[in-house]
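What follows is one structure encoded as structure tokens, with my remarks underneath.
Here it is, written out as structure tokens:
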């Protein structure tokens, strides 16, 4: 287990609390379809293997594209507002309303996208394991995201690799490698 960088070497590690009203919102917006505000509660409290963020999504918006994770499980707990959790083709979409909890294990069966189709902001907690490396798959755009050094939602400054690739950009294992002595 890693040591807490906010603790002196001679101090024992102790639990920390994150008081949500003291944390700043991080805003994100992309085009007319995507927007959210986020507070990273897990990292503010010193979490290492379990992430937790408070999301607020305005009416008519979605926080992120349709995706699933190959290495991390997520869960949602709705605090206020309403919306829809869009799922994979052939599965029922889920109604999101206060006090709804949804588990989203890793894998393609749990593809998801949240949409606030209500009239008020949709507020929910998003929890996730913080495993890395992780690969996120985006079926609508047929791309993959690779995260090494820090899980999605983790500290981007700790990432050693964070890139997105079209799925058709695959190459063979030996492509580009020198296979003869020069």
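In my numbering, the protein residues as written are -16 to 165. Beta carbons: idealized from backbone N, C-alpha and C, even for Gly. Predicted, not measured: the structure shown is a model, and the values here were computed from it.
Whose CA, out of -5, 20, -2, lies closest to the CA of residue 6?
Taking the first residue of the chain shown as 1, we reach residue 6 at position 23. If we check each option's Cα against that of residue 6, 20 comes out closest.
In terms of residues, what are the limits of the alpha helix (DSSP H) holding residue 25?
Here residue 25 refers to the residue found at position 42 of the chain shown. That run of the alpha helix (DSSP H) goes 24 to 27.
What residue does the beta strand (DSSP E) around residue 50 start on, and which one ends it?
Position 67 of the chain shown, counted from the start, is the residue given in the question as residue 50. Premise fails: residue 50 is in no beta strand (DSSP E) and is neither H nor E.
Using DSSP with H/G/I as helix, E/B as strand and the rest coil, what is residue 2?
The count along the chain shown starts at 1 and reaches residue 2 at position 19. It is coil, neither helix nor strand.
Note down, in chain order, each residue of its chain lying with its Cβ closer than 6 Å to the Cβ of residue 10, except the 5 sequence neighbours on either side.
The sequence position of residue 10 within the chain shown is 27, counting from 1. Only 20 meet the Cβ criterion.
When burial is assigned at 16 or more other CB atoms within 10 Å of the CB, is residue 130 buried or exposed?
Position 147 of the chain shown, counted from the start, is the residue given in the question as residue 130. Classification for residue 130: buried.
By Cβ distance below 6 Å, which residues in the same chain neighbour residue 17 in space, the five residues on each side in sequence not counted?
As a working mapping, residue 17 is identified with position 34 in the chain shown. The residues are 45.
Let's test the definition: count the other Cβ atoms within 10 Å of the Cβ of residue 0 and tell me whether it reaches 16, buried, or not, exposed.
Position 17 of the chain shown, counted from the first residue, corresponds to residue 0. Flag for residue 0 reads exposed.
According to DSSP, which residues form a beta bridge with residue 149?
Stepping through the chain shown from its first residue, residue 149 is reached at position 166. For residue 149, which the question treats as bridged, DSSP gives the partners 126.
By the DSSP assignment, the beta strand (DSSP E) with residue 80 in it spans what residues?
As a position in the chain shown, residue 80 is number 97, starting the count at 1. Segment: none, residue 80 is in no beta strand (DSSP E) and carries neither H nor E.
I want to know whether the region 94 to 101 touches the region 40 to 55 - three or more CB-CB distances under 8 Å.
Result yes; three or more Cβ-Cβ pairs closer than 8 Å.
CB residue 88 to CB residue 61, shorter than 7 Å?
Your numbering for residue 88 matches position 105 in the chain shown. Your numbering for residue 61 matches position 78 in the chain shown. Going by C-beta atoms, residue 88 is not nearer than 7 Å to residue 61.
If you follow the beta strand (DSSP E) that residue 34 is in, where does it begin and where does it stop?
In the chain shown, residue 34 corresponds to position 51, counting from 1. Per DSSP, residue 34 belongs to the beta strand (DSSP E) from 33 to 40.
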